[in-house]
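Undergrad: Questions regarding the structure given below will be posed in turn.
Residue numbers (my numbering), protein chains in the order written: chain R, 1 to 430; chain W, 1001 to 1430.
Below you can see the structure in the form of structure tokens.
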């Protein structure tokens, strides 16, 4: 079914001026403009199908990721799609181990985000050609083929191809939690109003941003806990604001609000720091969650080895696409740690729902302590936006990886020439 | 003495076609073109001084780093140099924690390399204005000012500003070792010839690249050990080629050649992996060395906490310039681990000699197990190239950070429009 030579790769800098409304604000990212480097690949197959891939960014710097995508393009152009997916591990390694380009990573930061965008487009195209949503392509794939997409280099000390296994298949909606109620930049009134609306819509799991000011955190956490009651689930997210001892001290003060987890308490690179925090918070009944800025499978491997987290948060656009996320999902299974993906951003919900549904059906077969983040904005720019029912992600049905944006949205938000940005820049100058 | 507002920042993509001669080749980087993103900042002080900063790259991707420097430029332009160095910690954090830009790092990969290039230029300008080589500026600085350049965020669990200390001052040349004899791409004849020359020049410490093929490694190691004799020091470098169990197995086979250390045995992100390897190799008398691709102070902190290395290899162009290297040098001192910097590349020897001389005079006060890498090429492109005598780095005397390149060299090697590249591309097309 796979067909065609890749004859065109385009990449665009698409930005949404979300900072104007305080959406997405937290203790470290105070004014994000949710953005994406948006890749489209086309083949000579004549079937009219294009593969769309994104990686998520926060505004400034998107142009750097665009530049990196262009630097990777020669690895993709003129390749036959059959050759790519036929030796996907080899192709993955070629992309991430280019003898010259790897120096500016390796496997992290800008080049790895660009790799994700390119590979997301390849996966989208593959799934579209097979006429299946990506999660179904993965679920239907025979285990050997699935494992042949994974680069096991640097993780064979905890997981080898021989650890391969298959699990029985099930189908359900996947539980979601909402981060839309309590961004750090929201006023108490906005927070209350959003919380009331979410309760009405059936949400039972809520996340609040913390970390900038302890008194302010206590007030906001009390407000939310009072509104949602003692039974519903509350998570907290510090977005890397603290040092290790500070994280323990701060969370001891917030323990009275019974958070299920504290997310990103310190540097995303600090495996041993997370382990220290984790150990200190266990007696308080608080777990540690992290992963949205873990840059590759080697960091996840160590977080698992060091008992540094109780909830593992993969990101569909920071790791090297489906290939690398598969390796992390399998390692999490081996260590018995639930995968609760990071989402929100631009398109992160659309993409990651495929991975989490695959995880449930084919790997974990459990919903215990498992849920996926949900944020309620920017979905209208996607051709196949997520469907949420009763606070659950419903399995997407359209073929592909749900990565495709509406052309009109892309044009309007392209930076700096799209009309939205032209207007904002003009307003700024007046 | 510090003066002037920064009114101009330029950045250029400079590449040297080193892959043509196999220089710099190793098990993971088979065809590097040693390159640099080269930054120059100028002020309105009217003193004719410019700050030059570089970061080292391997060819492709340099344009991505250039793009990232441009994305950072607005943090530097129109700033008064007094304000920058007067609150250097604040400025460092502003550059590395931009609310939008940090997402594409954070503090790693392309954006962090770009940060290094920009800050290297600031340090060069500061030292030039003070009329001192950088190491002397650092050595003369009062400890409080020195510490005020360091961002302690994320490392306060092992080092705080209160740990500050001062050591007595001494002066000597700094021992060097050579990597110029045994690149992986060299034939046995080239290797023998280079080794004989180095012995004649007084070198007593040698490094050999390994990791691609065990039989080949054994032949090459035997050849070198036979040439240098049993008393001289031999180090090995695998450039991240192995998985953890593979590294232990492979090095057990190479132990007979008595290497002092094995460098980069596995992924630079794998702290626990390095600890495992380190523990396994101690009985064989082999230490673990790593650091040239450790992307920030948080990774170094953990390598020290986990007893994962016996030799710490800072890099002047990957960490966030002098500021972040200072924090690592101080942590290494606290853990009693010798700093043996990575050098070579483009300008890495020129820059890092300042840091290592500072380390010796003001921090470690010891040469035990300490030495700095040296590679014998591309120095001719620098205005103040290193001076090596009796296999030792002699303290540089010119004011600044030795970062300044000859304008003629830059012009000739600018990519893609410099004459060297125009000629190569024309040759390639014919």
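Glycine included, each C-beta is placed from N, C-alpha and C at the ideal position. None of the values given here were measured: they were computed from a predicted structure.
Using a Cβ-Cβ cut-off of less than 8 Å, list which residues of the stretch 21 to 44 of chain R approach chain W; keep chain order.
TA: 28, 29, 30, 31, 32 and 33
Undergrad: Give the C-beta separation of residue 1234 of chain W and residue 1209 of chain W to the nearest angstrom, bearing in mind that I take them to be a contact with Cβ-Cβ under 8 Å.
TA: Between residue 1209 of chain W and residue 1234 of chain W the Cβ distance is about 12 Å, and since that is not below 8 Å, they are no contact.
Undergrad: Could you check whether residue 355 of chain R and residue 325 of chain R sit closer than 8 Å to each other, using their CB atoms as the reference points?
TA: yes
Undergrad: Could you run through the stretch 256 to 277 of chain R and flag, in chain order, every residue whose CB is less than 8 Å away from some CB of chain W?
TA: Cβ contacts with chain W: 266, 267, 268, 269, 270, 271, 272, 273 and 276.
Undergrad: Is residue 1229 of chain W helix, strand or coil when you go by DSSP?
TA: coil
Undergrad: Using a threshold of 7 Å, is the CB atom of residue 220 of chain R nearer than that to any non-hydrogen atom of the ligand ATP?
TA: As presented, the structure is devoid of all ligands, the ligand ATP included, so that no description of it is given.
Undergrad: Cβ of residue 1348 of chain W less than 8 Å from any chain R Cβ?
TA: Judged by the 8 Å Cβ criterion, residue 1348 of chain W is not in contact with chain R.
Undergrad: Specify, as a first and last residue, the run of the alpha helix (DSSP H) that residue 109 of chain R falls within.
TA: 109 to 130
Undergrad: So, does the stretch 1376 to 1385 of chain W touch the stretch 1396 to 1404 of chain W, judging by three or more C-beta pairs under 8 Å?
TA: yes
Undergrad: By DSSP, does residue 1208 of chain W sit in helix, in strand, or in coil?
TA: strand
Undergrad: Is the Cβ of residue 1327 of chain W closer than 8 Å to any Cβ of chain R?
TA: no
Undergrad: Helix, strand or coil, according to DSSP, for residue 421 of chain R in the structure here?
TA: helix
Undergrad: I think residue 1004 of chain W touches residue 1043 of chain W, with their Cβ atoms under 8 Å apart; what is that distance to the nearest whole Å?
TA: 3 Å
Undergrad: Candidates R:223, R:297, R:40 and R:318: which alpha carbon is nearest residue 53 of chain R's?
TA: R:40
Undergrad: So with Cβ pairs under 8 Å, would you call residue 173 of chain R a contact of chain W?
TA: no
Undergrad: Answer yes or no: do residue 295 of chain R and residue 107 of chain R have a C-beta to C-beta separation smaller than 8 Å?
TA: yes
Undergrad: I want to see whether chain R comes within less than 8 Å of residue 1106 of chain W, judged by CB atoms only; does it?
TA: yes
Undergrad: List the whole-angstrom C-beta distance separating residue 188 of chain R from residue 214 of chain R, where the pair is believed to meet the contact cut-off of C-beta under 8 Å.
TA: Contact annotation, residue 188 of chain R with residue 214 of chain R: C-beta distance approximately 16 Å; criterion of less than 8 Å not satisfied.
Undergrad: For residue 1334 of chain W, is the classification buried or exposed, using 16 other Cβ atoms within 10 angstroms of its Cβ as the cut-off for buried?
TA: Per the 10 Å Cβ criterion, exposed.
Undergrad: Can you name the residues of chain R whose CB is closer than 8 Å to the CB of residue 1387 of chain W?
TA: Ordered by position in chain R, no residue passes the 8 Å Cβ test against residue 1387 of chain W, which lies about 27 Å from the chain.
Undergrad: Please look up how many angstroms separate the CB atoms of residue 1155 of chain W and residue 1199 of chain W, rounded, as I've assumed it's under 8 Å.
TA: About 42 Å separates the two Cβ atoms, so there is no contact after all.
Undergrad: Under 8 Å by Cβ, that's how I've got residue 207 of chain R and residue 182 of chain R pegged, so tell me the actual separation to the nearest angstrom.
TA: Their Cβ separation, rounded to whole angstroms, is 7 Å, which keeps residue 207 of chain R and residue 182 of chain R in contact under 8 Å.
Undergrad: For residue 338 of chain R and residue 369 of chain R, which I take to be in contact (beta-carbon distance under 8 Å), what is that distance rounded to the nearest angstrom?
TA: 4 Å
Undergrad: Tell me which same chain residues have a C-beta within less than 6 Å of the C-beta of residue 26 of chain R, skipping the five on either side of it?
TA: Taken in chain order, the residues that qualify are 184, 209 and 239.
Undergrad: Which residues bound the alpha helix (DSSP H) around residue 1365 of chain W?
TA: That residue, residue 1365 of chain W, is in no alpha helix (DSSP H); it is neither H nor E in DSSP.
Undergrad: Taking only beta carbons into account, state which residues of the stretch 1290 to 1317 of chain W come closer than 7 Å to chain R, listed in chain order.
TA: 1293, 1295, 1296, 1298, 1299, 1302, 1305 and 1306
Undergrad: What is the rounded straight-line gap between the Cα of residue 429 of chain R and the Cα of residue 423 of chain R?
TA: 10 Å
Undergrad: So, residue 97 of chain R versus residue 375 of chain R, is the Cβ gap smaller than 8 Å?
TA: At a Cβ-Cβ threshold of 8 Å, residue 97 of chain R and residue 375 of chain R do not count as neighbours.
Undergrad: With distances taken between CB atoms, is the gap from residue 241 of chain R to residue 28 of chain R smaller than 8 Å?
TA: Taking 8 Å as the Cβ cut-off, residue 241 of chain R and residue 28 of chain R qualify as a contacting pair.
Undergrad: According to DSSP, simplified to helix, strand and coil, what is residue 94 of chain R?
TA: helix
Undergrad: Any chance you could list the beta strand (DSSP E) runs of at least 3 consecutive residues sitting entirely within the stretch 275 to 323 of chain R, in chain order?
TA: 287 to 290
Undergrad: Under a Cβ-count criterion, where at least 16 other Cβ atoms within 10 Å of its own Cβ denotes burial, should residue 407 of chain R be classed as buried or exposed?
TA: exposed
Undergrad: For residue 1391 of chain W, tell me which candidate among W:1380, W:1372 and W:1016 has the shortest Cα-Cα distance.
TA: W:1372
Undergrad: If you measure between the beta carbons of residue 982 of chain W and residue 1348 of chain W, is that distance less than 8 Å?
TA: The structure shown does not extend to residue 982 of chain W, since chain W spans only 1001 to 1430, so no value can be given for it.
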